[in-house]
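For the sequence shown, the positions run 1 to 80 when the UniProt record's numbering is used. Glycine included, C-beta positions come from ideal geometry on N, C-alpha and C. Owing to the predicted nature of the structure, the values given are computational and were not obtained by experimental measurement. Okay, so here's the structure we're looking at.
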Amino acid sequence: MPESDALTADEVAQLLRVSRNTVYNLVKRDELASYYVGRKMRFSRADVENYIARSAVSAKAAGAKGFTAGAGASGAHASV
Numbered sequence: 001m002p003e004s005d006a007l008t009a010d011e012v013a014q015l016l017r018v019s020r021n022t023v024y025n026l027v028k029r030d031e032l033a034s035y036y037v038g039r040k041m042r043f044s045r046a047d048v049e050n051y052i053a054r055s056a057v058s059a060k061a062a063g064a065k066g067f068t069a070g071a072g073a074s075g076a077h078a079s080v
């Protein structure tokens, strides 16, 4: 694997636009694959892209089931 394909947790966090702790939580929940080089956790670009693709499919499936982003408990949207 070329070195450019090895990403740090910070780089993955930037790609996903989440915090580094969220990246570690994804690993802990077995949602994102990682590996170690010595004591350093690394991620392959392919694994991150696969996670993004799976997440997009999950989001589409949730939308098909009637879930909408921003809906409250009653399903009503607040007017601004």
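Check, Outcome
"Segments of 4+ residues assigned as alpha helix (DSSP H) that fall wholly inside the segment 28-74", "45-64"
"Contact under 7 Å by Cβ, Val12 with Phe43", "yes"
"Own chain partners of Ala6 with C-beta closer than 6 Å, once the 5 adjacent residues on each side are dropped", "Arg42"
"Cβ of Ser58 within 7 Å of any chain B Cβ", "In the displayed structure, chain B is absent; only one protein chain is listed."
"Neighbour-count burial assignment, Tyr36, 16 or more Cβ in a 10 Å radius", "exposed"
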